[in-house]
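J.:
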Amino acid sequence: MSANALDLRGLRAGYGRYDVLRDVDLQVAPGEAVGLLGPNGAGKTTLLRAVMGLVKHRTGVISIAGTDVVRMPAHKIARGLAALVPEGRRLFVDQPIEDNLLLGALHLRRDKARVSELLESVYALFPVLRDVRNRPAGALSGGQQQMVAIGRMLMSDPTVLLLDEPSLGLAPIAIGEVAEALERLREEGRSILVVEQRVDLALRMCDRIYVLAGGEVALEEQARALGEDGRALIDAYLG
Ligand SMILES: Nc1ncnc2c1ncn2[C@@H]1O[C@H](COP(=O)(O)OP(=O)(O)O)[C@@H](O)[C@H]1O
Ligand SMILES: [Mg+2]
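The opening residue of the sequence shown carries number 13 in this note's numbering; numbering runs sequentially from there.
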């Protein structure tokens, strides 16, 4: 049996001595797209940052494709184990798009062939970026900037892809583009954990859903069991 792409067991994580997450169990199987929902302050961002090693206080098991990373420093986790599209994207808006993409592959820079291959795969996924690759990232629309952020994540060749509210603050057309991009990644067989406020989008993009409430897992269910609009889910946990 192959290991889960991501496996959290009894995860506690937080700030100072305060546990935001208490005893969280969550798995992403290889090739699975998993949605993480929950009200503001539930600990969703903290969970993604804990996987990346960006939250200092964390205990329990955080395993990526069988490698325990709970004591691994963030810069090592970022070398191909996990990559995060943070909330708000955090691009270098004055820098060319291609430079923003290449930043994701810093640890691979000695392997020029691999870097070009990854760059080609990002341009194949988002052809619109190739035409504008020398323009500053800040000149793009919000949806295209999100494509750059997703592309930068892919450039590190990660085992598990983490996205924090990729649709937040985007216009409806851009949200559609981002959702399509994630669906394509899912079809490619990537392992994905995405935090999403829009329940309908999460149900459309994901195989399985977790609801986090008060730092604990309140629900874990197959997306198709939750209906198209997730009305009951919203009423019970998110309303
Ligand atoms: N850097 C931080 N220092 C202290 N507390 C924090 C920090 N970041 C988040 N928190 C607290 O942790 C809890 C969970 O936050 P967060 O993980 O951002 O939730 P979500 O992403 O689900 O909205 C909140 O109570 C928040 O105030
Ligand atoms: Mg958050």
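We put the CB at the ideal spot given by N, CA and C, even for glycine.
For S75, list the residues DSSP reports as bridge partners.
T.: D19 and D80
J.: For a quick check, are the C-beta atoms of S168 and L18 less than 8 angstroms apart?
T.: no
J.: Pull up the distance between the alpha-carbon of R91 and that of A248, whole angstroms please.
T.: Taking the straight line joining both Cα atoms gives about 39 angstroms.
J.: Could one say the Cβ of V223 lies closer than 8 angstroms to chain D's Cβ atoms, at least one of them?
T.: Looking for chain D here will not work: only one protein chain is present.
J.: What does DSSP give as the partner residue(s) for V97 in the beta ladder?
T.: L175
J.: Give me the DSSP bridge partner(s) of G26.
T.: D31 and H69
J.: Is the CB-CB distance between I89 and L23 below 8 angstroms?
T.: no
J.: Could you work out which residue in L118, L38 and L113 is closest to F138 when comparing CA atoms only?
T.: L113
J.: Any heavy atom of ligand 1 closer than 7 angstroms to the Cβ of V32?
T.: yes
J.: Can you tell which of V40, L49 and A25 has the C-alpha that lies nearest to the C-alpha of G251?
T.: L49
J.: Using DSSP with H/G/I as helix, E/B as strand and the rest coil, what is E110?
T.: helix
J.: Report the residue from Q209, P42, R164 and V160 whose alpha carbon sits nearest the alpha carbon of V127.
T.: R164
J.: Does ligand 2 have even one heavy atom less than 7 angstroms from the beta-carbon of E99?
T.: yes
J.: Looking at Y222 and ligand 4, is the gap between the Cβ and the nearest heavy atom below 7 angstroms?
T.: The ligand content of the structure shown is limited to ligand 1 and ligand 2, which means ligand 4 is not among them.
J.: Going by the beta-carbon positions, is the gap between Q209 and E233 smaller than 8 angstroms?
T.: no
J.: On a Cα-Cα basis, can you pick out the residue from L224, I246 and T171 that is closest to I76?
T.: T171
J.: Beta carbon of A86, beta carbon of L115: below 8 angstroms?
T.: It is not a contact, given that the beta carbons lie outside the stated cut-off.
J.: Exposed or buried, R21, counting other C-beta atoms within 10 Å across all chains shown (16 or more means buried)?
T.: exposed
J.: Give a yes or no on whether the C-beta atoms belonging to L289 and G242 are separated by under 8 angstroms.
T.: Residue coverage of the chain in this structure runs from 13 to 251, which leaves residue 289 outside it and unanswerable.
J.: Which value, in whole angstroms, describes the spacing of the CA atoms of I221 and V229?
T.: 11 angstroms
J.: Between G28 and E99, what straight-line distance do the alpha-carbon atoms span, to the nearest angstrom?
T.: Approximately 22 angstroms, taken between the alpha carbons.
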